[in-house]
Amino acid sequence: MKAAAFFRALIIWLACLLELTAASAEKSSSFGPDARSTPAPIHPFSETLYGEVIADPYRYMETLDAETIDWMRAQAAYTRRIFDAIGPRVAFKRRMADFGGDFSSVQAPSLGVQPYQVYGGRIFYTEYEPGSENLDLFVKDRKNGAHKLLDMAKFRAKNRGRPYAINYFEASPDGTKVAVGISALGAQGSCRSDRGKRGEIRSNANRPAQHRHHPRCG
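Here the numbering used here is used: the first residue of the sequence shown is 1151, the next is one more, and so on.
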């Protein structure tokens, strides 16, 4: 009964937040002349692929130059001002932390990818630990319990702090190995790292998985 009451209250809170967000957006002009979200600059660019001319005016963003970074920061600041203007938000966040602040979150690394796989009596899954912004790879079985196979914070530190992230993983049928696809800076491609059940790297094979090419991880 307590759980049902909590979820009813949660739905009401969310509805109120949506209304307050809309109201805050209408009042955004009170933040100053730079308060409204500004469209990204357009830089004319085109290329010919298979006889077709493809226009891509936002291609420059892929280099993450100073102009792009400044625009992204401005959008983040604008969004933060909108959220901060929602009166009950702080109390709502505190109340939600009372229920879920000490829990981890098992999530899929990307759209269309399973959050967990079960092979050879082992469960492979990606999880956000409490208070962490890193989606790490874990394995769990009856004998050894849960064990972190890939710590993304350590992986980034090993690779000069570049913002790598897991975008898929594939466990072997016997559960003794798992291949991990890792991307840097939002890249569409990924590198591949093959790991044993205790986390050691067995090989950085330059072989395809699911008919895709995966260069070696750094």
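Virtual Cβ for every residue (Gly too), placed ideally from N, Cα, C.
{"Item": "Just list the beta strand (DSSP E) runs in the region 1196-1226, keeping only unbroken ones of 3 residues or longer that don't cross its boundaries, in chain order.", "Value": "1196-1199 and 1202-1205"}
{"Item": "Excluding the 5 residues preceding and the 5 following Ala1224 in the sequence, name in chain order all residues of the same chain whose CB lies nearer than 7 Å to its CB.", "Value": "Thr1188"}
{"Item": "Applying the 10 Å Cβ sphere with the 16-neighbour rule, what's the burial state of Tyr1208?", "Value": "exposed"}
{"Item": "Which residues does DSSP pair with Tyr1314 in a beta bridge?", "Value": "Ala1334"}
{"Item": "Mind the definition here: the region 1209-1216 touches the region 1227-1242 only if three or more C-beta pairs lie below 8 Å; say whether that holds.", "Value": "no"}
{"Item": "Just the C-alpha distance for Arg1310 and Phe1274, rounded to the nearest angstrom, thanks.", "Value": "27 Å"}
{"Item": "Per DSSP, Val1240 forms a beta bridge with which residues?", "Value": "None; Val1240 has no bridge partner."}
{"Item": "Please report the residue range of the alpha helix (DSSP H) in which Lys1308 lies.", "Value": "Met1302 to Lys1308"}
{"Item": "Around the Cβ of Val1289, are there at least 16 other Cβ atoms within 10 angstroms (buried) or fewer (exposed)?", "Value": "buried"}
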